[in-house]
Structure formats: structure tokens, C-alpha cells
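Going line by line, the protein sequences match chains A and B.
Read left to right, the first sequence gives residues 21 to 220 (this note's numbering).
Read left to right, the second sequence gives residues 21 to 220 (this note's numbering).
2 protein chains.
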Amino acid sequence: MDTTESKIFETAKNVFIRSGLEGARMQEIADEAGINKSLLHYYFRTKEKLFKAVFQYAFKRFLPKADELLNSDLCFEERIRNFINLYIDLLLENPFIPSFILCEINRDPEGVIELFKGLGSNPMKFDTLIREEVEQGNIRQIDSKQLIVNILSMCIFPMAARPILVPMIFNNDPRVFKKFLESRKKEIPDFILKSLVIKE
Amino acid sequence: MDTTESKIFETAKNVFIRSGLEGARMQEIADEAGINKSLLHYYFRTKEKLFKAVFQYAFKRFLPKADELLNSDLCFEERIRNFINLYIDLLLENPFIPSFILCEINRDPEGVIELFKGLGSNPMKFDTLIREEVEQGNIRQIDSKQLIVNILSMCIFPMAARPILVPMIFNNDPRVFKKFLESRKKEIPDFILKSLVIKE
DNA sequence: GTCTATATGGCGATAGAC
DNA sequence: GTCTATCGCCATATAGAC
Numbered sequence: 021m022d023t024t025e026s027k028i029f030e031t032a033k034n035v036f037i038r039s040g041l042e043g044a045r046m047q048e049i050a051d052e053a054g055i056n057k058s059l060l061h062y063y064f065r066t067k068e069k070l071f072k073a074v075f076q077y078a079f080k081r082f083l084p085k086a087d088e089l090l091n092s093d094l095c096f097e098e099r100i101r102n103f104i105n106l107y108i109d110l111l112l113e114n115p116f117i118p119s120f121i122l123c124e125i126n127r128d129p130e131g132v133i134e135l136f137k138g139l140g141s142n143p144m145k146f147d148t149l150i151r152e153e154v155e156q157g158n159i160r161q162i163d164s165k166q167l168i169v170n171i172l173s174m175c176i177f178p179m180a181a182r183p184i185l186v187p188m189i190f191n192n193d194p195r196v197f198k199k200f201l202e203s204r205k206k207e208i209p210d211f212i213l214k215s216l217v218i219k220e
Numbered sequence: 021m022d023t024t025e026s027k028i029f030e031t032a033k034n035v036f037i038r039s040g041l042e043g044a045r046m047q048e049i050a051d052e053a054g055i056n057k058s059l060l061h062y063y064f065r066t067k068e069k070l071f072k073a074v075f076q077y078a079f080k081r082f083l084p085k086a087d088e089l090l091n092s093d094l095c096f097e098e099r100i101r102n103f104i105n106l107y108i109d110l111l112l113e114n115p116f117i118p119s120f121i122l123c124e125i126n127r128d129p130e131g132v133i134e135l136f137k138g139l140g141s142n143p144m145k146f147d148t149l150i151r152e153e154v155e156q157g158n159i160r161q162i163d164s165k166q167l168i169v170n171i172l173s174m175c176i177f178p179m180a181a182r183p184i185l186v187p188m189i190f191n192n193d194p195r196v197f198k199k200f201l202e203s204r205k206k207e208i209p210d211f212i213l214k215s216l217v218i219k220e
């Protein structure tokens, strides 16, 4: 579509990716979309609403897939691998999400929580899945919450910390970092599964 | 010391812990310290300088210990355990650090990097340590940078994501979350070391 | 050193003409 | 629907009396 609304939406997405929620300026979005600042308000009322529209659009495509995955009959290893694959893909396509959440979380925690719940996100499903695997002796004894947080950490943190990791660890080369993130689709599941194996 | 300056410093630390950098208001700090807003500027020039003073003070006590650890003659396992212990203690005592860095990173990346470099932080020492361990066959083959980022992720992310983790995963009970973080001093090294073990 | 009062600037948001 | 002009707020920062 080539409507003004969709033009705004696309541009906003790019600006949010580049600058985050706080960093992004309505003026900036307007300039880049080649329209007037007031039009942003005409279509989206407030900056926050505009952001949430962008944010929700990204997540709306992710959550159903994640849900489907959790309800599938794949083995644990495949679920972990697929889930992390899905998650990292989501974040690579929408790199503004981690920093948005981690910044917004301090300003308006309830808002963020509502955002998630409104989308139907329910991490406790993952919790019971892990408990079952432990009970059935498929993986070693581990606190399910520790594992969940570990997984989320390893997926989300590197995206949020990108601006500091690139210069301090990746020689200021964004392409190397991009490859690094790509390879995490394999590295993270490997890392986790090796840790969960029950040794003979 | 009971000088006005130290009173400001202590109060600012608490407010930053509670509200983060963006969330903290100069007025709030002044009120809580029982002094006038202008005095903050008298002693620290700007809000940012005040924050950096607090921030650097926290890190100044950490980095030398971390450095000492890396140069010690402990075995790899003990170094990992001690390092993570140290790191989580630092973050528990200064829970504003993760969200500060992750927010500030977007607003002023160079500033944050300078901050670290100015303190003498050098993560590449850790990098060579890991490479050596792999070469010597003490741990399995793994990309050193992947491992470093995994460690940092698992230590830092949960602190930054606290306001969303507590209601969504920990039943809104901060004490449970506190215990969760405490036990990560053991859980994270266990998790990592189990993953790095070379299987017979 | 400490206060009151005020300046300054940025940015989101709105009014209102066309 | 789209624009120009402007409001209103808030937070940092400063001037200047005491």
C-alpha cells in the first residue's frame, strides 16, 4: 500500500530501529517520511501509540508461531532450536525491540506488561514444558525459571547491547557482529543443550 | 562523611537505583537529600556528571577485583565462579547499572564506551583466557566471543529486565526474585561449566 | 555554601486555515 | 487530509541575593 498512513508506519519503524523510542523524534519521522509533523498525530494520536502500533505489528507475527511451536509434538531439542531460531529472527528483523523494552520498562512497567499480555504472551507455558522434561528425565535437574531467563538473556541482551559490543569486542565491524548474531541461532541451542544433557 | 556533597552522592545513588537515569528527577534527589535543587548543580554541574560520578564509583571497586582475578593462578572453573560471583554482587549492590547502560547506550554510545575505557575495562583479556583453555583441551571447542557474550547476558539481562520479570514470571513477589538472583551466583557457573565439559 | 526565582530549550501536542 | 503556527509542559541549568 502507498497510503500516507503506511508510509508513516514504515518510516517510523526505521527510525525506531535506528534511534529507539526515546531517541526517535517525531520531527525526524516526519522529515524522513516527507510529510508534516502534525500528520503523525492525525493518524496515530500520540508518539506512544505510533510506537505501540509498530511494536505490536512485529510481535503479532511472532507469538502465534511461538505458540504453535510449544503446542507441537516436536521433541524438546527441536523445540528449543526452533524457538531460538524464531526469536533471533524476530529480533534481527526488529532490532529496536530489545532496547525499547529495556528502556520503557523503567519508565512505564505496567504499560509494557499490558502490551505483552494484550498480545497473549504467556511464558508460563514454557515453564511447564521444562518441568515435564525434567520429570521425565529427558534433561538434567534444573530450575525451570533459571533456564527460561538464561534463554531470554542470551537472545535479547546482545541485541540491546549492540552499540557497546561492536566497538569493544568486534573491532568496530558491524558485519562481523551481524554474522556473530546469525551464528547464535546455532550457538545458543548448542550451548544450552550441552548443559542440559544427562551424563552417563 | 557528613558533608553536603556526600549526602547528595548517597541520595543520588538511591534515587538512580529506584528510578534509573531518565526516571530520576533532580528535584526528587534534592527533596530526598533535604537540600535545594541548585546545590546539585553547584556540586556536580549537570545531572549526567552526577550520574557518572555514582556510576564510576561503583565500577572502580569492581574492576580491580576482576583484574586481579584474571591474573590470578586459579583454575578456569574457579575463575569463572569467582568472576560471576563478583559481577552479580556488583549488580545486586548497584541495580541501576544495567538499565543505565542499556538505555544510555542508545542515547550516547561514545560516552558509555569512554566511560568503560576510562575505567580501564578490557574484556579482551577474558577472550585470550578462554582461547587458551580451549587450546589446552580443558574445555570443549567454543568461540570465545560467544561465551563471553553468554556470560555477560546471563548476568546483566535479568537485572535490567527486573520490572517485567517480577510480575510475569515471579508472581509479583520481589523477595522471590531477589532469591532467584542470589542463587544465580551458583546457577550460572553451573550452567556454563556443564556446557563446557569435554565428554568422555 | 545555600537559597529563590527565572531563564532556556526541546519536544509532543493542538488549533485552525485551507 | 494536509499544512503553518503556536501552545504548554517539564526538566535542566543559571543568575544573583544572602
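We put the CB at the ideal spot given by N, CA and C, even for glycine.
Practice problem: Note down, in chain order, all residues in the segment 168-182 of chain A with a beta-carbon under 9 Å from any beta-carbon belonging to chain B. | Solution: Those would be Ile168, Val169, Asn170, Leu172, Ser173, Met174, Cys175, Ile176, Phe177, Pro178, Ala180, Ala181, Arg182, in chain order.
Practice problem: Could you confirm whether any beta carbon from chain B is found closer than 7 Å to the beta carbon of asparagine 105(A)? | Solution: No, no contact with chain B.
Practice problem: State the start and end residues of the unbroken alpha helix (DSSP H) segment that holds valine 159(B). | Solution: One detail in the question is off: residue 159(B) reads as isoleucine in this sequence, not valine. First-last for isoleucine 159(B): undefined, no H or E at that position.
Quiz item: Hey, asparagine 102(A) and leucine 112(A): beta-carbon distance below 7 Å or not?
Solution: Between asparagine 102(A) and leucine 112(A), the CB-CB gap reaches or exceeds 7 Å.
Quiz item: Taking one C-beta from the segment 37-44 of chain A and one from the segment 55-66 of chain A each time, how about it: are there three or more such pairs within less than 8 Å?
Solution: Segments in contact, no.
Practice problem: Evaluate contact between the segment 179-191 of chain A and the segment 132-149 of chain B, counting only Cβ atoms and requiring at least three cross-stretch pairs below 8 Å. | Solution: Here the segment 179-191 of chain A lies against the segment 132-149 of chain B, with 3 or more beta-carbon pairs under 8 Å apart.
Quiz prompt | Between the CA atoms of asparagine 191(B) and alanine 14(B) - distance to the nearest angstrom | solution = Since the first residue of chain B shown is 21 and the last is 220, residue 14(B) is not available in this structure.
Exercise. Under 8 Å by Cβ, that's how I've got serine 164(B) and isoleucine 150(B) pegged, so tell me the actual separation to the nearest angstrom.
Key: That belief holds up - the Cβ atoms of serine 164(B) and isoleucine 150(B) are roughly 4 Å apart, short of 8 Å.
Exercise. Decide if the segment 197-204 of chain A is in contact with the segment 199-208 of chain B; the criterion is three or more beta carbon pairs, one per stretch, under 8 Å apart.
Key: For the pair of segments examined, the segment 197-204 of chain A was found not to touch the segment 199-208 of chain B: the number of CB pairs separated by less than 8 Å stays below three.
Quiz item: Among residues of its own chain, excluding the 5 on either side of glutamate 153(B), which ones have a beta-carbon nearer than 7 Å to its beta-carbon?
Solution: The residues are Phe96, Ile159.
Self-check item: Minimum Cβ-Cβ distance from isoleucine 159(B) to chain A less than 7 Å
Solution: Under the Cβ criterion of 7 Å, isoleucine 159(B) is not counted among the residues facing chain A.
Self-check item: Beta-carbon proximity list for glycine 140(B), same chain, < 7 Å, skipping 5 on both sides
Solution: The answer, listed in chain order, is Leu83.
Quiz item: Apart from the five residues just before and just after proline 118(A), which ones in its own chain have a Cβ nearer than 8 Å to its Cβ?
Solution: Here the set comprises Leu111, Ile176, Phe177, Met179, Ala180.
Self-check item: Nearest residue (CA-CA) to leucine 41(B), options Ile125(A), Val169(A), Pro194(A)
Solution: Taking only the C-alpha atoms, the option nearest leucine 41(B) is Ile125(A).
Practice problem: Return the CA-CA distance between threonine 148(B) and leucine 94(B), expressed in angstroms with no decimal places. | Solution: One C-alpha to the other measures close to 16 Å.
Exercise. Below 8 Å on the Cβ atoms is my guess for glutamate 207(B) versus glutamine 166(A); work out the distance and round it to an integer in Å.
Key: About 5 Å separates the two Cβ atoms, so the contact holds.
Quiz prompt | Runs of alpha helix (DSSP H) wholly within the segment 124-188 of chain B (minimum 4 residues, chain order) | solution = Segments of the alpha helix (DSSP H) lying fully in the segment 124-188 of chain B: 129-139, 144-155, 164-180.
Quiz item: Can you tell me whether DSSP reads valine 74(A) as helix, strand or coil?
Solution: Helix, per DSSP.
Quiz item: Taking leucine 106(A) as the reference, which of Ile121(A), Thr31(A), Ser215(A), Ile171(A) has the closest Cα?
Solution: Nearest to leucine 106(A) by C-alpha distance, out of Ile121(A), Thr31(A), Ser215(A), Ile171(A), is Ile171(A).
Practice problem: Can you grab the Cα-Cα spacing for the pair arginine 65(A) / valine 74(B), in whole Å? | Solution: Taking the straight line joining both Cα atoms gives about 38 Å.
Quiz item: Using DSSP with H/G/I as helix, E/B as strand and the rest coil, what is proline 209(B)?
Solution: Helix.
Quiz item: Closest by CA to arginine 99(A), which one among Thr24(A), Asn114(A), Lys145(A)?
Solution: Comparing Cα positions, the closest option is Lys145(A).
Quiz item: Of the residues that make up the segment 103-131 of chain B, which ones have a beta carbon closer than 8 Å to any beta carbon in chain A?
Solution: Per Cβ criterion, the list reads Ser119, Ile121, Leu122, Cys123, Ile125, Asn126, Arg127, Pro129.
Quiz item: Residues in the segment 23-47 of chain B with C-beta within 8 Å of chain A's C-beta atoms, listed in sequence order?
Solution: Listed by position, the residues of the segment 23-47 of chain B near chain A (Cβ gap below 8 Å) are Ser39, Gly40, Glu42, Gly43.
Quiz item: In this structure, does DSSP put methionine 46(B) in helix, strand or coil?
Solution: Note: methionine 46(B) maps to helix in three-state DSSP.
Quiz item: With DSSP run on the structure shown, which of helix, strand or coil describes valine 196(A)?
Solution: Valine 196(A): helix per DSSP, three-state reduction.
Quiz item: Do you know offhand how far glycine 138(A)'s Cα is from aspartate 128(A)'s?
Solution: So the alpha carbons of these two residues sit roughly 15 Å apart.
Quiz item: Of all the CB atoms in chain B, is at least one closer than 7 Å to the CB of glutamine 76(A)?
Solution: It does not: the Cβ of glutamine 76(A) has no partner Cβ on chain B nearer than 7 Å.
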